[in-house]
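K.L.:
Respectively, the protein sequence lines represent chains A and B. Just so we're aligned: 714 in this note's numbering is position 534 of the first sequence, and the numbers increase by one with no gaps anywhere. Just so we're aligned: 326 in this note's numbering is position 153 of the second sequence, and the numbers increase by one with no gaps anywhere. For glycine and all other residues, C-beta sits at the position ideal for the given N, C-alpha and C. All values reported here derive from a predicted model rather than from experimental measurement. Pasting a structure here, questions to come.
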Amino acid sequence: MKEVSYNPQFSRRKFINSLGCLTISFSLLGNAWAEAGPSLLEETLPGSLRHQPRLDAWLEVLSDGRVRVLIGKMELGQGVRTAIAQVAAEELDLSFDQVEVHLAETERTPNEGYTAGSGSMENSAMSVRYAAAFARQQLLEIAAQRWQTQPEQLTMNNGKVTQKGKKQILTFAQLLDGNQLQGEVKLPVKLKAPETYRYVGKAVPRTDIEQMVRAQAIYVQDLRMPGMVHARVVRPPAHGAKLLSFDEQAFAAKVPNLLKTVIDGTFLAVVAADEYQAILARQSALEHARWSDAPPLPGGQDLAGYIRKLPAKSQKVLDRGSTEALDQPDGKTVKASFFKPYQMHGSIGPSCGVALYKDGTLHVWTHSQGIYPFRDGLAKMLGLEPEKVHLIGTPGSGCYGHNGADDAATDAALVAMAMPGTPIRLQWMREDEHAWEPYGSAMGMEAEARLDEHGKISHWRYAVWSDGHSNRPNSQPGNLLAAWYLAKPFPQLTMGYFGGGYRNSEPYYDIPNLRIDAHAFVGPLRVSSLRSLGAYANIFAIESLMDELAEKAQQDPLAFRLAHSTDPRAIAVMKKLEKMIEGEKTAPNEGIGLAFSRYKNVASYCAVAAKVAVDKNSGVVKVRRMWAVLDAGQVINLDGIINQTEGCLIQATSWTLKEEVGFDQQQINTRDWTSYPIIRYTEVPNVEVAVIDHPDLEPLGAGEAAQAPTAAALVNAIYRASGKRIRHLPVKSSDVVG
Amino acid sequence: MEKDVILRVNGKTHTVRVDPVTPLLYVLRNQLELNGPKYGCGIEVCGSCMVLMDGQAVPSCRIPVVEMAGRDIVTLEGLAASDGKLHPVQSAFVKEQAAQCGYCLNGMVMAAVALLGSNKKPDETEIRAGLDRNLCRCGTHTRIIKAVQRAANEF
Chain A
181 MKEVSYNPQF
191 SRRKFINSLG
201 CLTISFSLLG
211 NAWAEAGPSL
221 LEETLPGSLR
231 HQPRLDAWLE
241 VLSDGRVRVL
251 IGKMELGQGV
261 RTAIAQVAAE
271 ELDLSFDQVE
281 VHLAETERTP
291 NEGYTAGSGS
301 MENSAMSVRY
311 AAAFARQQLL
321 EIAAQRWQTQ
331 PEQLTMNNGK
341 VTQKGKKQIL
351 TFAQLLDGNQ
361 LQGEVKLPVK
371 LKAPETYRYV
381 GKAVPRTDIE
391 QMVRAQAIYV
401 QDLRMPGMVH
411 ARVVRPPAHG
421 AKLLSFDEQA
431 FAAKVPNLLK
441 TVIDGTFLAV
451 VAADEYQAIL
461 ARQSALEHAR
471 WSDAPPLPGG
481 QDLAGYIRKL
491 PAKSQKVLDR
501 GSTEALDQPD
511 GKTVKASFFK
521 PYQMHGSIGP
531 SCGVALYKDG
541 TLHVWTHSQG
551 IYPFRDGLAK
561 MLGLEPEKVH
571 LIGTPGSGCY
581 GHNGADDAAT
591 DAALVAMAMP
601 GTPIRLQWMR
611 EDEHAWEPYG
621 SAMGMEAEAR
631 LDEHGKISHW
641 RYAVWSDGHS
651 NRPNSQPGNL
661 LAAWYLAKPF
671 PQLTMGYFGG
681 GYRNSEPYYD
691 IPNLRIDAHA
701 FVGPLRVSSL
711 RSLGAYANIF
721 AIESLMDELA
731 EKAQQDPLAF
741 RLAHSTDPRA
751 IAVMKKLEKM
761 IEGEKTAPNE
771 GIGLAFSRYK
781 NVASYCAVAA
791 KVAVDKNSGV
801 VKVRRMWAVL
811 DAGQVINLDG
821 IINQTEGCLI
831 QATSWTLKEE
841 VGFDQQQINT
851 RDWTSYPIIR
861 YTEVPNVEVA
871 VIDHPDLEPL
881 GAGEAAQAPT
891 AAALVNAIYR
901 ASGKRIRHLP
911 VKSSDVVG
Chain B
174 MEKDVILRVN
184 GKTHTVRVDP
194 VTPLLYVLRN
204 QLELNGPKYG
214 CGIEVCGSCM
224 VLMDGQAVPS
234 CRIPVVEMAG
244 RDIVTLEGLA
254 ASDGKLHPVQ
264 SAFVKEQAAQ
274 CGYCLNGMVM
284 AAVALLGSNK
294 KPDETEIRAG
304 LDRNLCRCGT
314 HTRIIKAVQR
324 AANEF
């Protein structure tokens, strides 16, 4: 596939027709036959389906009898396309290759908000499950009417409906006879019994990996269109700096291949037919631009102390019993402060957007994680009606959070609006991504707890200081980077969603007296959602303190955690982890540490162990092995869950041991992989993941669960190996040495 | 400024009219419309733009295209047989499901092919050293190591 052909005149319906899609229609019939045992009925429909209950919004039957599933979620590398196809194939008794999945596109797929928070299985997959099961009921009902029999007399297999003891066969397409499905999914819906599953719970391979190894065009970075030109954005040296002057004449004289310069306030972009000429134009433009000074940054200061002194909006998260006993100076209390720096998403491929403004409609191909809320914000920024902005979700480089995707697409859109009829491909340079993406907030945590005479935790007090954790577009221009710099700017919105700051701030243990406070500050750097939000830092603090308390109580760290746990699923993952590491030997300079958390305290359970070796002379920490046990409820795709969990362990190890955004008093100075190193092959531990499946329970997201306990498992292991408690991330050799 | 540059890529000779200082990466992606090599960092530290140059895995993001004359370049597109059969390394990546987002996969595959070209049975330490120039953000390293081991066994 060399070129992506595209005709912007396509209406949705034409598009469907052109692909030979037959949509289904019939009046909703009585479904008294849809008897279902109470165990198969749910009280309510899954979230996304409640918002969009129309069956044809989720499913289309194609003329060849296959089914297309439409979802509003994006492929981020988590394998959502495969998991969704498994669920649809299961409920409709289709073979796996009879299902295709169409991802996030405005006015084409349901609006499912953001692909975030490990919510794609709980919302999207469950919506597809109910929609597919409902469609199955309707298809059987139509067939029963056609053959004047009862649905119970029919069987459905690989897209064909047959009558018991008879030879007649009807495909889904034949059954529907060119009609359209217009019904809404309504309860009761009879779901397939888990013991009959063909696909759900199995390690069904992702089909897109073969496309990747064959170098097919699957990323937004790979899009090519006739007449497409290349743009680069020219950003100031630092946030808040303004463009004072730009010597366009001198610049143009230096860049003979320039097609266009787009200037709107401080927004500056250059365009050339050839991509490398656009890159050269960007370099030259930087030399011809004069910028004002930016507001100073607290470079060179102790950031851990700095963020705790910022003005903060404080809130009580939880207050149970009394925590006054913690203030008694009787030596039964353990208290410690923790810190996590600003960290990057650090996508390997810098963000990219492709945009075309044609016939009054702006088309944008983007790897945004939320096409509808982004569309609405972009439309407002450009003064267009939302219907005139068409966003096509196209995979990009992995991000696991809000990286530069929306901003690069916004930059491309601004250039496209200035060059109607010309497709614009705008990719950020590496330093654009490193310096301008929204980071995960720096956070400070203070934890203290008291043991009773039996060595059990009687009191716990915890406070967390954090900036917000979601400044995604949220239908507002003020969250789009370029919007702040236009001649008529939209002011930057801050503190979008603070809930992420105290995510997992409550220990998932039985503690009678508990007090948790959260302090929201607006920090010096741009921030937004990074994988697991505040859970990573909060669990780092909580599970470090649990280790210190276990030591004080003279108990085994795992036994100490089990003694404070009553949830059988929490106990099960910890005991399984214990089995996995049983018999693992450690040399004198090695140690094994562990940690546990239940993501968001309502989602997946995860216990992690790490084995490290410490060189006490150099302070070098080598992670030898890691283990994780995960309970994500019902498993949809076993290998997908394992892949995600392995990735969490490795990525969070990189965060914990290596990563910290650096800045001086003027600007970000970690603008490449040398100044912001991430983990490399020679440092990556071998990882082992076990999954506990609960086929009869709801599935829970698995994409972030192991992120949170990893940091604590590592620092607890370092303590065992070296006697050094690390409370300030990332781990520095100077904190380990000696 | 622009001149004709002759390139040998994936067994075919191409003449491209281009600014001769243009790094190979952009010519492969834009003039030859190949998707394998990806822009990642532009300074040869992440490996996502790797190609085989006379059998060695090298980054393509800085090296001027004009210096490629007489060289034999192979991209990800050039690994599979003409009948579409995947190279053992490609096939091993599929079997091990050794990707998440897959953006870095190009460089990983090219580095692995070059490694196995010079060392048919690398041990784990040699595989790690052979891939150490390549960054992955999703954390698929251990799967990729398994894929290279599988490819070595099936080669």
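Go through the stretch 536–590 of chain A residue by residue and report every complete run of the alpha helix (DSSP H) that reaches 4 residues or more, in order.
P.N.:
List check, alpha helix (DSSP H) in window: 551–562.
K.L.:
Leaving out the 5 sequence neighbours to the left and right, which residues in its chain are closer than 6 angstroms to A/Gln348 when beta-carbon positions are compared?
P.N.:
Taken in chain order, the list of residues that qualify is empty.
K.L.:
In angstroms with no decimal places, state the Cα-to-Cα distance between B/Arg244 and B/Arg181.
P.N.:
Whole-angstrom Cα-Cα distance: 7 angstroms.
K.L.:
Output the distance between the C-alpha atoms of B/Gly215 and A/Ile459, rounded to the nearest integer angstrom.
P.N.:
Spanning the two alpha carbons is a distance of roughly 11 angstroms.
K.L.:
Distance cutoff 8 angstroms, beta carbons only. Does B/Pro196 sit that close to anything in chain C?
P.N.:
Reference to chain C is not applicable here, since the protein chains of this structure are A and B.
K.L.:
Under 8 angstroms, do B/Gly209 and B/Leu259 count as touching if we go by C-beta distance?
P.N.:
No.
K.L.:
Where does A/His634 land, buried or exposed, given buried means 16+ other C-beta within 10 angstroms?
P.N.:
With fewer than 16 Cβ atoms within 10 Å of its Cβ, A/His634 is classed as exposed.
K.L.:
Would the stretch 507–522 of chain A and the stretch 298–305 of chain B be scored as touching if the rule is three or more Cβ pairs under 8 angstroms?
P.N.:
At 8 angstroms Cβ cutoff, the stretches do not touch.
K.L.:
Excluding five sequence neighbours on each side, which residues of the same chain lie with their C-beta closer than 8 angstroms to the C-beta of B/Ala328?
P.N.:
According to the sequence displayed, residue 328 of chain B carries Phe and not Ala. Result list for B/Phe328: Pro261, Leu289, Lys293, in chain order.
K.L.:
Could I get the ranges of all uninterrupted alpha helix (DSSP H) runs contained in the stretch 245–297 of chain B, with 4 residues as the minimum, in chain order?
P.N.:
The stretch 245–297 of chain B contains these whole alpha helix (DSSP H) runs: 261–268, 278–291.
K.L.:
If you run the structure through DSSP and keep just helix, strand and coil, what is A/Glu868?
P.N.:
Reduced to three states, the DSSP call for A/Glu868 is strand.
K.L.:
Can you tell me the Cα-Cα spacing of A/Trp664 and A/Asp591, whole angstroms?
P.N.:
Answer to the nearest angstrom: the Cα atoms are 12 angstroms apart.
K.L.:
Once you ignore the five residues that flank A/Pro232 on each side, which residues in its own chain have a CB closer than 6 angstroms to its CB?
P.N.:
According to the sequence displayed, residue 232 of chain A carries Gln and not Pro. Correct list, in chain order: Pro290.
K.L.:
Leaving aside the five residues before and after B/Thr186 along the sequence, list all residues of the same chain whose C-beta is less than 8 angstroms from its C-beta, in chain order.
P.N.:
Hits under 8 angstroms: Ile179, Leu180.
K.L.:
To the nearest angstrom, how far is the alpha carbon of A/Ala214 from that of A/Tyr688?
P.N.:
Residue confidence is low: A/Ala214 scores 29 on pLDDT, short of 50, so the model does not pin down where it sits. No coordinate-derived value is stated.
K.L.:
Could you name each continuous beta strand (DSSP E) segment of 3 residues or more that falls completely within the stretch 369–453 of chain A, going from the start of the chain to the end?
P.N.:
With a minimum length of 3 residues, the continuous beta strand (DSSP E) runs that stay inside the stretch 369–453 of chain A are 409–413, 423–426, 438–444, 447–452.
K.L.:
Going by beta carbon distance, what residues of the same chain come within less than 8 angstroms of A/Arg326, once the five residues before and after it are set aside?
P.N.:
These residues qualify, in order along the chain: Leu350, Leu355.
K.L.:
Per the contact definition of three or more C-beta pairs closer than 8 angstroms, is the stretch 603–612 of chain A in contact with the stretch 423–438 of chain A?
P.N.:
Segments in contact, no.
K.L.:
So, helix, strand or coil for B/Gln204, using DSSP?
P.N.:
It is helical.
K.L.:
Using DSSP with H/G/I as helix, E/B as strand and the rest coil, what is A/Tyr619?
P.N.:
Strand, per DSSP.
K.L.:
Take B/Gly312 and list the residues in its own chain whose beta-carbon comes closer than 7 angstroms to its own, dropping the five residues that flank it on each side.
P.N.:
So no residue of the chain qualifies.
K.L.:
Under the DSSP definition of a beta bridge, which residues are partnered with A/Ser531?
P.N.:
According to DSSP, which records beta bridges pairwise, A/Ser531 is partnered with nothing at all.
K.L.:
Measure from the C-beta of B/Glu299 to each C-beta in chain A and report whether the shortest distance is under 8 angstroms.
P.N.:
By this cut-off, B/Glu299 is not an interface position.
K.L.:
For chain A, is any of its Cβ atoms less than 8 angstroms away from the one on B/Leu288?
P.N.:
No, no contact with chain A.
K.L.:
Could you tell me which of A/Thr541, A/Gly550, A/Gly820 sits nearest to A/Glu567, measuring between CA atoms?
P.N.:
Checking every option, the nearest Cα to that of A/Glu567 belongs to A/Thr541.
K.L.:
Buried or exposed for B/Met174, going by 16 or more other Cβ atoms inside 10 Å?
P.N.:
Exposed, since its Cβ has fewer than 16 Cβ neighbours within 10 Å.
K.L.:
In terms of alpha-carbon separation, which member of A/Glu302, A/Leu272, A/Pro417 lies closest to A/Thr376?
P.N.:
When each option's Cα is compared against that of A/Thr376, the closest is A/Leu272.
K.L.:
Given this structure, state the Cα-to-Cα distance separating A/Ala465 from A/Ala775, to the nearest angstrom.
P.N.:
Rounded to the nearest angstrom, the two C-alpha atoms are 50 angstroms apart.
K.L.:
What is the residue span of the alpha helix (DSSP H) that A/His468 lies within?
P.N.:
Per DSSP, A/His468 belongs to the alpha helix (DSSP H) from 455–468.
K.L.:
If you draw a straight line from the C-alpha of A/Ser784 to the C-alpha of A/Leu880, how long is it?
P.N.:
Approximately 6 angstroms, taken between the alpha carbons.
K.L.:
Comparing alpha-carbon positions, which option in A/Met392, A/Val365, A/Met524, A/Leu490 lies nearest A/Val122?
P.N.:
A query on residue 122 of chain A cannot be resolved here, the shown segment of chain A reaching from 181 to 918 and no further.
K.L.:
Could you please tell me which residues of the stretch 824–850 of chain A, in chain order, have their CB closer than 9 angstroms to any CB of chain B?
P.N.:
Per Cβ criterion, the list reads Gln824, Glu826, Gly827, Cys828, Leu829, Ile830, Gln831, Ala832, Thr833, Ser834.
K.L.:
Where does A/Ile204 fall in DSSP's three states?
P.N.:
The predicted model places A/Ile204 with a pLDDT of 31, which falls under 50 and marks its position as unreliable; any figure quoted below should be read in that light. Correct three-state label for A/Ile204: coil.
K.L.:
Identify whether A/His874 lies in helix, strand or coil by the three-state DSSP scheme.
P.N.:
A/His874: coil per DSSP, three-state reduction.
K.L.:
Short of 8 angstroms in beta carbon distance, which residues of its chain neighbour A/Asp690, apart from the five on each side in sequence? Order them along the chain.
P.N.:
Excluding positions up to five away in sequence, the list reads His744, Ser745, Thr746.
K.L.:
Between A/Ala313 and A/Arg378, what straight-line distance do the alpha-carbon atoms span, to the nearest angstrom?
P.N.:
Spanning the two alpha carbons is a distance of roughly 15 angstroms.
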